[in-house]
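Please read the structure below before turning to the comments.
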Amino acid sequence: MHAMVLERAGAPLVLREREVPAPGPGEVLIEIAACGVCRTDLHVLDGELPDPVLPLVPGHEIVGRVAALGAGVANLTLGERVGVPWLGFTCGVCPYCRSERENLCDRPLFTGYTRNGGYATHTIADARFCFPLPADGDPVALAPLLCAGLIGWRSYRKAGPGAELGIYGFGAAAHILCQVAVWQGRRVYAFTRPGDEAAQDFARRLGAAWAGGSDASPPEPLDAAIIFAPVGALVPAALAAVKKGGRVVCGGIHMSDIPRFSYSLLWEERELVSVANLTRADAREFLAVAPKAGVATATVPYPLARANEALADLREGRLQGAAVLVPGE
Ligand SMILES: [Zn+2]
Ligand SMILES: [Zn+2]
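Residue numbers 5 to 333, in the numbering used here, belong to the letters of the sequence shown in order.
If you want it as structure tokens, here you go:
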């Protein structure tokens with residue numbers, strides 16, 4: 005098998021050849037058809053998240069087929085198409101796991117961070133954390149659903165049902181959730197880097213009612229806002245844009261420092277919350293909603309060996325939608 009491997013934080017990924025691993029009890033071997041590139045991968049590569057297991061194969065938006073079953077796997081069949089998300093394992097016994105909050109598990113493993121992920125031709129996954137996907141359809145189009153979609157969906161649910169929804173940072177997650185929101189009859193206000201006309205046009209094409217720079221005020225006060233961009237300065241901006249009782253949801257795993265802001269921005273029961281990881285229930289829910297909402301992902305495919313290029317394009321904001329790595333190209 006081939007994999008793009010992170011050998012030390014801050015270094016580019018290197019293409020390595022390895023033995024195809026055999027699945028242990030409860031695990032499956034997956035032959036990968038596509039793996040999305042997520043901003044979290046940049047945080048892992050840059051050493052902004054603590055203690056990645058090195059050497060590491062990043063990637064947690066995996067679409068592939070089950071190529072071998074470990075002992076005791078009963079929920080998947082050989083050849084079945086599955087998706088593997090960020091949540092790679094939970095302990096099942098900690099207080100969070102026992103209260104339907106496995107996203108906060110005390111002893112979790114995360115795909116492409118603390119266990120090997122999908123920047124590869126093959127990977128091993130815990131069968132309980134794989135999700136059946138439709139047998140047909142383009143794997144490249146499905147890949148971004150596995151994180152941008154799933155964790156985006158958790159953020160979206162956390163934002164509540166208000167009609168006027170702001171989204172800060174119009175990348176992979178936003179372009180998916182914008183389609184869901186419009187399908188549900190909500191009005192989306194898309195905030196991009198100031199001057200990024202291309203991203204603003206992209207948002208309007210996907211049904212956003214308004215698109216502008218993150219330094220602008222929306223034409224209507226918002227019921228809620230989701231911040232997908234890893235920029236702490238957006239927190240006071242979003243709090244200023246939501247109405248009384250409004251909620252601001254930080255949807256990313258890492259963010260630059262939040263500048264000091266006046267209590268008046270939080271006053272009147274505005275709320276500021278973060279979203280961490282996902283539960284398997286989030287995944288099942290979103291994978292059922294996405295086809296009903298007619299979610300169509302915008303993707304830019306790259307051959308696996310060009311993963312560093314895909315990451316650089318994401319970092320520089322050169323993508324509309326999501327980068328996806330394709331082995332065997
Ligand atoms: Zn992700
Ligand atoms: Zn747990």
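By construction, the Cβ of each residue, glycine as well, lies at the ideal position given by its N, Cα and C atoms. Here the structure is a predicted model, which is why all the values come from computation and not from measurement.
### Task
May I ask you to check if the CB of Gly92 is nearer than 7 Å to at least one heavy atom of ligand 2?
no
### Query
Taking 7 Å as the cut-off, is the CB of Glu104 close to at least one heavy atom of ligand 2?
no
### Query
Using a Cβ-Cβ cut-off of 6 Å (strictly less than) and excluding sequence neighbours within five positions of Glu168, which residues of its own chain qualify?
Arg191, Glu224, Leu226 and Asp227
### Task
Taking all protein chains shown into account, decide if Thr3 is buried (16 or more other Cβ within 10 angstroms of its Cβ) or exposed.
Past the edges of the chain, shown from 5 to 333, lies residue 3, and the structure says nothing about it.
### Query
Can you tell me whether DSSP reads Trp214 as helix, strand or coil?
strand
### Task
Please indicate yes or no: does the CB of Arg111 lie closer than 7 Å to some heavy atom of ligand 4?
Although ligand 4 was asked about, the structure shown includes only ligand 1 and ligand 2 as ligands.
### Task
Below 6 Å CB to CB, which residues in the same chain sit around Ala215 once its five sequence neighbours on both sides are set aside?
Ala194, Gln204, Ala207 and Arg208
### Query
Quick one: what's got a C-beta closer than 6 Å to Ala178's C-beta in the same chain, skipping five residues either side?
Ile171 and Phe232
#### Entry: Backbone CA spacing between Leu46 and Pro148 [nearest angstrom]
16 Å
### Task
Can you tell me which of the three DSSP states Ser159 falls into?
helix
### Message
Taking DSSP's pairing of strands, which residues face Gly40 in a bridge?
### Response
Val328
### Message
By the three-class DSSP mapping on this structure, what secondary structure does His179 have?
### Response
helix
### Query
Between the C-alpha atoms of Thr127 and Gly96, what's the straight-line distance to the nearest angstrom?
23 Å
#### Entry: Val97 Cβ short of 7 Å to ligand 2 heavy atom set
yes
### Query
In chain order, what residues of the same chain lie with their CB nearer than 8 Å to the CB of Leu10, ignoring the 5 residues before and after it?
Leu17, Val48, Leu49, Pro56, Leu58, Pro59, Leu60, Val61 and Pro62
### Message
Please classify Asp219 as buried or exposed, where buried requires at least 16 other C-beta atoms within 10 Å of its C-beta.
### Response
exposed
### Task
Please classify Leu108: does DSSP put it in a helix, a strand, or coil?
helix
### Message
Give me, in chain order, the residues of the same chain whose beta-carbon lies closer than 6 Å to that of Ala185; leave out the 5 immediate sequence neighbours on both sides.
### Response
Leu169 and Val192
### Query
Taking the alpha-carbon positions, what's the Arg322 to Ala311 distance?
15 Å
### Which listed residue (Ala38, Arg319, Pro234 and Val279) has its alpha carbon closest to that of Glu106
Val279
#### Entry: First through last residue of the beta strand (DSSP E) which encompasses Glu340
The shown model of the chain, from 5 to 333, leaves out residue 340, and the question about it has no answer.
### Nearest candidate by alpha-carbon position, reference Thr118, set Glu273, Arg274 and Thr44
Thr44
### Query
Taking buried to mean at least 16 other C-beta atoms within 10 Å of its own C-beta, is Val32 buried or exposed?
buried
### Message
Beta-carbon distances below 5 Å to any heavy atom of ligand 1 define the shell here; list its residues in chain order, please.
### Response
Cys42, Thr44 and Cys151
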